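Visitor:
Number of protein chains: 2
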Amino acid sequence: MPLCTIGVDVGGTNIKLGLVAPSGKIIAKTNLITKSYVHHPRQLINALVVAVRSLVRENGKTIKDIAGIGIGLPGQINSPQGIVIFLPNVPGWRNVPLRKIIQKQLKIPVFMDNDVNLIALGEWKLGAGKGYQNLVCITLGTGVGGGLILDGVLYRGEGFVAGEIGHMPLNEHGPACNCGGRGCFERYVGNRTLMAKAAKVFGKKNIRLEETFALASRGNVRAVRFWRETATHIGNALVGVINLLNPRMIIIGGGVAGNYKFMEKTIQKVVRNRAMTVQNAMVRIVRARLGDEAGILGAHILVKESIFGR
Amino acid sequence: MPLCTIGVDVGGTNIKLGLVAPSGKIIAKTNLITKSYVHHPRQLINALVVAVRSLVRENGKTIKDIAGIGIGLPGQINSPQGIVIFLPNVPGWRNVPLRKIIQKQLKIPVFMDNDVNLIALGEWKLGAGKGYQNLVCITLGTGVGGGLILDGVLYRGEGFVAGEIGHMPLNEHGPACNCGGRGCFERYVGNRTLMAKAAKVFGKKNIRLEETFALASRGNVRAVRFWRETATHIGNALVGVINLLNPRMIIIGGGVAGNYKFMEKTIQKVVRNRAMTVQNAMVRIVRARLGDEAGILGAHILVKESIFGR
Numbered sequence: 022m023p024l025c026t027i028g029v030d031v032g033g034t035n036i037k038l039g040l041v042a043p044s045g046k047i048i049a050k051t052n053l054i055t056k057s058y059v060h061h062p063r064q065l066i067n068a069l070v071v072a073v074r075s076l077v078r079e080n081g082k083t084i085k086d087i088a089g090i091g092i093g094l095p096g097q098i099n100s101p102q103g104i105v106i107f108l109p110n111v112p113g114w115r116n117v118p119l120r121k122i123i124q125k126q127l128k129i130p131v132f133m134d135n136d137v138n139l140i141a142l143g144e145w146k147l148g149a150g151k152g153y154q155n156l157v158c159i160t161l162g163t164g165v166g167g168g169l170i171l172d173g174v175l176y177r178g179e180g181f182v183a184g185e186i187g188h189m190p191l192n193e194h195g196p197a198c199n200c201g202g203r204g205c206f207e208r209y210v211g212n213r214t215l216m217a218k219a220a221k222v223f224g225k226k227n228i229r230l231e232e233t234f235a236l237a238s239r240g241n242v243r244a245v246r247f248w249r250e251t252a253t254h255i256g257n258a259l260v261g262v263i264n265l266l267n268p269r270m271i272i273i274g275g276g277v278a279g280n281y282k283f284m285e286k287t288i289q290k291v292v293r294n295r296a297m298t299v300q301n302a303m304v305r306i307v308r309a310r311l312g313d314e315a316g317i318l319g320a321h322i323l324v325k326e327s328i329f330g331r
Numbered sequence: 022m023p024l025c026t027i028g029v030d031v032g033g034t035n036i037k038l039g040l041v042a043p044s045g046k047i048i049a050k051t052n053l054i055t056k057s058y059v060h061h062p063r064q065l066i067n068a069l070v071v072a073v074r075s076l077v078r079e080n081g082k083t084i085k086d087i088a089g090i091g092i093g094l095p096g097q098i099n100s101p102q103g104i105v106i107f108l109p110n111v112p113g114w115r116n117v118p119l120r121k122i123i124q125k126q127l128k129i130p131v132f133m134d135n136d137v138n139l140i141a142l143g144e145w146k147l148g149a150g151k152g153y154q155n156l157v158c159i160t161l162g163t164g165v166g167g168g169l170i171l172d173g174v175l176y177r178g179e180g181f182v183a184g185e186i187g188h189m190p191l192n193e194h195g196p197a198c199n200c201g202g203r204g205c206f207e208r209y210v211g212n213r214t215l216m217a218k219a220a221k222v223f224g225k226k227n228i229r230l231e232e233t234f235a236l237a238s239r240g241n242v243r244a245v246r247f248w249r250e251t252a253t254h255i256g257n258a259l260v261g262v263i264n265l266l267n268p269r270m271i272i273i274g275g276g277v278a279g280n281y282k283f284m285e286k287t288i289q290k291v292v293r294n295r296a297m298t299v300q301n302a303m304v305r306i307v308r309a310r311l312g313d314e315a316g317i318l319g320a321h322i323l324v325k326e327s328i329f330g331r
């Protein structure tokens, strides 16, 4: 009988766990609230181990039915060695040998990677990018991230932090960014910027982006313009990535991509107008397919490929 | 006895050929003037074949002493199949099966790639990038190009046109570029722009960039500022590449790099101030080492690795 995997997606808000069948179907899911476990990495790790055991047991399996655990984390992860180097938004996580700790407790193989890298891996093998060799997956949310599949391999970079599309500058004299840069792409389309801009445009403090989606779908002129401007920035950022990497596909995911239908035309138009001819002719820009489950499914793929090869 | 190679670097002005020893030492060189052979690809190919034969014979070798020929060309090259898909600046070159034609005539293996890819390969194996796994080589000239070595492999992209660093936008509303884009990096630091700007700054039509180097070295305030501004644009472009690709090294080559000493401090400062922490900590920015011979040496490496493996 082929073995299942456990996919774990550690986010700033939730920790999602999924029991995944060999086919890539998620059999069962469970959730932890991240902020309940931020006092010490040990706390979070123990909760994770307990949750994995429950998830397995409650679904009529034993730990021996599990090929391995894959974990995506929001930060700098030494994937080959299984070490969390640094999580910027979860206190205390510096140089945590997460693989060793969990393997010792659960006695099954553990693999890990940056969360956006796993989303890219998931979309590549099970989602919008099936069958392609060169693709870029971008996630639009509070942060704007990216995962790079180049020549059929996930490219991690020298220090495991490649893919920071959100911090490619769009303008040399643009607004200052938390990262220390100026005019970063994220400063134009990250959720914080969009919410601040929406509050101004619609004259309503704390307006939610979902409301502006709804307004746009009813043809509200300001909402349509708001999303068209956002899409123009996205298109301009993609031009740089497309000219540099000559990918076959760009996959757009994350919260803001929920509104992709209002942005699609503009994004495509900007790229068609501005990207180089050859790059342009071969790149497809599509919406992510796996939604919230991309992280879990990417973790599943990581386990599968690490154990059974590509 | 280990075999030599022939490295060929086809440029818009000259075609450089070198007979290269297995060690990577260039034993002898020769040159053709490109514009004498632009009426038909056949013309250029025939001249190339004649030049290869002479170069071999005049150095006391026979064609049997040559392991293979490597050729760099300025355009879109299907390297695995040995086909020149398109050369934008040499008329008539569309879908030319160059490998097949030359192999038929010379009866030795022929390999080819984009010229900037071969410069990157040369600098990686024999120049500034020795021993690294992730590096970006940029060439500053009339065109601004780039070659990407990622995870120890030359990355060519889906359609063999990856690396167009010169066409990553620096500003969303920047000046229009020949490529169809706006605010492309090349529009700020390509030779044409620099010469036009220099003519204005120094009030002297047709001023050569070398003159402005000389002025800068004598402390001329306008010249120093001119190169500092150029270096700032270069730094800003590198920030995007560094954040996205997390390379271990950036190698700066090409004509404008002849003036690297006046730009180095500023480039380093901009990157130190603006690139992300982890990326910043591990990237070295250095000048190319192989100068004019990088193309020939890269072609040599291409032959060596294609025949004998990495």
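So the protein sequences, as listed, match chains A and B. Everything in the first sequence is counted per this note's numbering, starting at 22 for the first residue and increasing by one. Everything in the second sequence is counted per this note's numbering, starting at 22 for the first residue and increasing by one. Each residue gets a CB set at the ideal place from its N, CA and C atoms; glycine is no exception. Note that this is a predicted model, so its numbers are computed, not measured.
State the Cα-Cα distance for the pair residue 252(A) and residue 103(A), rounded to the nearest angstrom.
Guide: 37 Å
Visitor: Is residue 305(B) helix, strand or coil by DSSP?
Guide: strand
Visitor: Establish whether the CB of residue 196(A) and some CB of chain B are separated by less than 8 Å.
Guide: With 8 Å as the cut-off, residue 196(A) does not count as an interface residue toward chain B.
Visitor: Tell me which residue opens and which closes the alpha helix (DSSP H) that residue 117(A) is part of.
Guide: No alpha helix (DSSP H) contains residue 117(A), which is instead part of the beta strand (DSSP E) from 115-117.
Visitor: Can you give the Cα-Cα distance for residue 284(A) and residue 290(A), rounded to whole angstroms?
Guide: 10 Å
Visitor: Please state whether the Cβ-Cβ distance between residue 322(B) and residue 143(B) is less than 8 Å.
Guide: yes
Visitor: Report the start-end ranges of each beta strand (DSSP E) in the region 72-100 of chain B that is 3 residues or longer and not cut off at the edges.
Guide: 87-94 and 97-99
Visitor: Are the C-beta of residue 183(B) and some C-beta of chain A separated by less than 8 Å?
Guide: yes
Visitor: Can you check DSSP and say which residues form a bridge with residue 262(A)?
Guide: Residue 262(A) pairs with nothing; no bridge assigned.
Visitor: Determine, using beta carbons only, whether residue 262(B) and residue 328(B) come nearer to each other than 8 Å.
Guide: no
Visitor: Kindly indicate the opening and closing residues of the beta strand (DSSP E) around residue 241(A).
Guide: From DSSP, residue 241(A) is part of no beta strand (DSSP E); its letter is neither H nor E.
Visitor: Say whether chain B places a C-beta atom closer than 8 Å to the C-beta of residue 158(A).
Guide: no
Visitor: Please decide whether residue 306(B) counts as near chain A, where near means a Cβ-Cβ distance under 8 Å.
Guide: no
Visitor: Give a yes or no on whether 8 Å exceeds the smallest Cβ distance from residue 289(B) to chain A.
Guide: By this cut-off, residue 289(B) is not an interface position.
Visitor: Is there at least one Cβ from chain A nearer than 8 Å to residue 133(B)'s Cβ?
Guide: no
Visitor: Can you tell me whether residue 203(A) is helix, strand or coil according to DSSP?
Guide: strand
Visitor: Consult DSSP for residue 62(B) and reduce its assignment to one of helix, strand or coil.
Guide: helix
Visitor: Quick check on residue 227(A): does DSSP put it in helix, strand or coil?
Guide: Three-state result, residue 227(A): coil.
Visitor: With residue 329(A) as the anchor, note down where its alpha helix (DSSP H) starts and where it stops.
Guide: 315-329
Visitor: Please report the Cβ distance between residue 150(B) and residue 272(B), rounded to the nearest whole angstrom; I am assuming they are in contact, meaning their Cβ atoms lie under 8 Å.
Guide: 6 Å
Visitor: Measure the beta-carbon distance from residue 276(A) to residue 162(A) and round it to whole angstroms, keeping in mind my assumption that it falls under 8 Å.
Guide: 5 Å
Visitor: Skipping 5 residues on each side, what residues in its chain have a beta carbon closer than 6 Å to that of residue 339(B)?
Guide: Because chain B here runs from 22 to 331, residue 339(B) falls outside it and cannot be looked at.
Visitor: Could you give the DSSP three-state label for residue 283(B): helix, strand or coil?
Guide: Residue 283(B) carries a helical assignment under DSSP once its states are collapsed to helix, strand and coil.
Visitor: Are the C-beta atoms of residue 112(A) and some chain B residue less than 8 Å apart?
Guide: Taking 8 Å as the CB threshold, residue 112(A) stays off the interface with chain B.
Visitor: Who are the neighbours of residue 303(A) on chain B, taking C-beta pairs under 8 Å?
Guide: 179 and 180
Visitor: Which residues of chain A have a Cβ atom closer than 7 Å to the Cβ of residue 186(B), listed in chain order?
Guide: 265
Visitor: Could you name the residues of the region 72-86 of chain A whose beta carbon sits closer than 7 Å to any beta carbon of chain B, in the order they occur along the chain?
Guide: Here the close residues number zero.
Visitor: What residues of chain B sit near residue 210(A), judged by a beta carbon separation below 9 Å?
Guide: Chain B residues near residue 210(A): none, gap ~12 Å exceeds 9 Å.
Visitor: Determine, using beta carbons only, whether residue 172(B) comes closer than 8 Å to chain A.
Guide: yes
Visitor: Considering just the uninterrupted stretch of the beta strand (DSSP E) at residue 138(B), what are its terminal residues?
Guide: From DSSP, residue 138(B) is part of no beta strand (DSSP E) but of the alpha helix (DSSP H) over 136-147.
Visitor: Kindly list, in the order they appear in chain B, the residues whose Cβ is closer than 7 Å to that of residue 193(A).
Guide: Here the neighbours are 191, 192 and 257.
Visitor: With 8 Å set as the bound, which would you pick, yes or no: does the beta-carbon of residue 102(B) sit closer than that to a beta-carbon of chain A?
Guide: no
Visitor: Does residue 40(A) come out as helix, strand or coil in the three-state DSSP assignment?
Guide: strand
Visitor: Quick check on this structure: which residue in 119(B), 202(B) and 221(B) has the alpha carbon closest to the alpha carbon of residue 67(B)?
Guide: In this structure, 119(B) is the residue among 119(B), 202(B) and 221(B) with its C-alpha nearest to the C-alpha of residue 67(B).
Visitor: With a cut-off of 8 Å on the beta carbons, I'd call residue 222(B) and residue 243(B) a contact; round off their distance for me.
Guide: 6 Å
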